[in-house]
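Residue numbers (the numbering used here): 1375 to 1605.
Beta carbons: idealized from backbone N, C-alpha and C, even for Gly.
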Amino acid sequence: MQTMGRNQDALTLLNTAHRLFRRLDARMDLVHVGGKVAELETTYFDVVREWGQSIESADSYTFGHCERVAQSALAVARQLELDDTAQTTIRLGAYLHDLGKVRVPHEILNKPGPLTREEFEIVQMHPIWGLELLAAVDFPWDLKPIIRWHHERYDGTGYPDRLRGEEIPVSAQVVGIVDVFDALTTDRAYRPALSFDAALAEIERCRAWWSEAVYDAFRASLARQHAMEAA
């Protein structure tokens, strides 16, 4: 909890400085002001990345998950040709999407068998808890929809709010689809990792969970990644 408080305080100070320099940058064409904004945003990523890694310490099976989701979500955002602000929002939101899991008991996160209904209902609270933990942080980017709605599904079967279709922001959908794929391809307490092809088949089976545009961008980003790795 000390790490969480330290990160919250750091982000609050960064928010204040970021707003100040943004105002100066809007009023004056000063190169050094723009440079300060860039430095602040780099520091933002460092703090948020550290926070994401601290979340993973509660679940020994998901180390590196937030970093992988952040990088893959950024690739999907680029495939969708989203602007720089949207890309930054998605990357930062990806690092913090599972923040609420710090309130989920360790024995549930690392249970080696299927969860009971009651245990799954506790896990389903983590998007709401994540938002509560960030309530006092006024981000320059709109991260909170990602944290609350990355488990919503386009067909209305997700949680916590049962949103449907275009009610779900693109940013939350992007983090959501990447989150599912990374979970499928990672060893978990209750099952070994699926192969790449098996995970892709599962994503195909569940494609109604995301908009066609997000699904297609995800597939295209995977294809591009594999082409680069094979080159």
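- Per the coordinates, the alpha-carbon of glycine 1550 lies some 21 Å from the alpha-carbon of asparagine 1484.
- When only Cα atoms are considered, leucine 1448 and aspartate 1516 end up about 15 Å apart.
- For serine 1585, the CB contacts under 7 Å within the same chain, skipping 5 residues up- and downstream, are Tyr1528, Gln1547 in chain order.
- Residue Gln1461 holds the alpha-carbon nearest to the alpha-carbon of serine 1545 among Arg1442, Gln1461, Val1421, Gln1427.
- Distance from the CA atom of isoleucine 1496 to the CA atom of tyrosine 1469, rounded to whole angstroms, is 21 Å.
- Measuring C-alpha to C-alpha distances from alanine 1509 to each of Arg1598, Ser1569, Leu1473 identifies Leu1473 as the nearest.
- One Cα belongs to alanine 1573, the other to threonine 1416, and the distance between them is close to 33 Å.
- About 4 Å separates the beta carbon of glutamate 1526 from that of glycine 1532, a gap short enough to meet the 8 Å contact definition.
- For methionine 1602, the enclosing alpha helix (DSSP H) starts and ends at 1586 to 1604.
- Between arginine 1442 and phenylalanine 1555, the alpha-carbon positions lie close to 10 Å from each other.
- Taking C-beta atoms as the reference points, histidine 1471 and glycine 1438 fail to come closer than 9 Å.
- By the Cβ neighbour-count rule, phenylalanine 1592 is buried, with 16 or more other Cβ atoms within 10 Å of its own.
- Here glutamate 1576 is near leucine 1568, since their CB atoms are less than 9 Å apart.
- Cβ neighbours of aspartate 1553 within its own chain (closer than 7 Å, five residues either side excluded): Val1443, His1471, His1524.
- Secondary structure at arginine 1522: helix, using DSSP grouped into helix, strand and coil.
- In this structure, the beta-carbon distance from isoleucine 1521 to glycine 1467 falls below 9 Å.
- Going by DSSP, proline 1501 is part of the alpha helix (DSSP H) stretching over 1500 to 1507.
- In the DSSP assignment, arginine 1565 forms a beta bridge with Arg1562.
- Judged by DSSP in its simplified three-state form, tryptophan 1515 adopts coil rather than helix or strand.
- For alanine 1468, the enclosing alpha helix (DSSP H) covers residues 1458 to 1470.
- The criterion of a C-beta distance shorter than 9 Å is not satisfied by arginine 1452 and cysteine 1440.
- Between the alpha carbons of leucine 1558 and proline 1566 lies a distance of about 9 Å.
- The alpha-carbon of arginine 1536 is positioned some 14 Å away from that of proline 1519.
- Taking the Cβ atoms as the reference, proline 1543 lies roughly 19 Å from glutamine 1498, outside the contact range of under 8 Å.
- Rounded to whole angstroms, the gap between the alpha carbons of serine 1446 and leucine 1596 is 9 Å.
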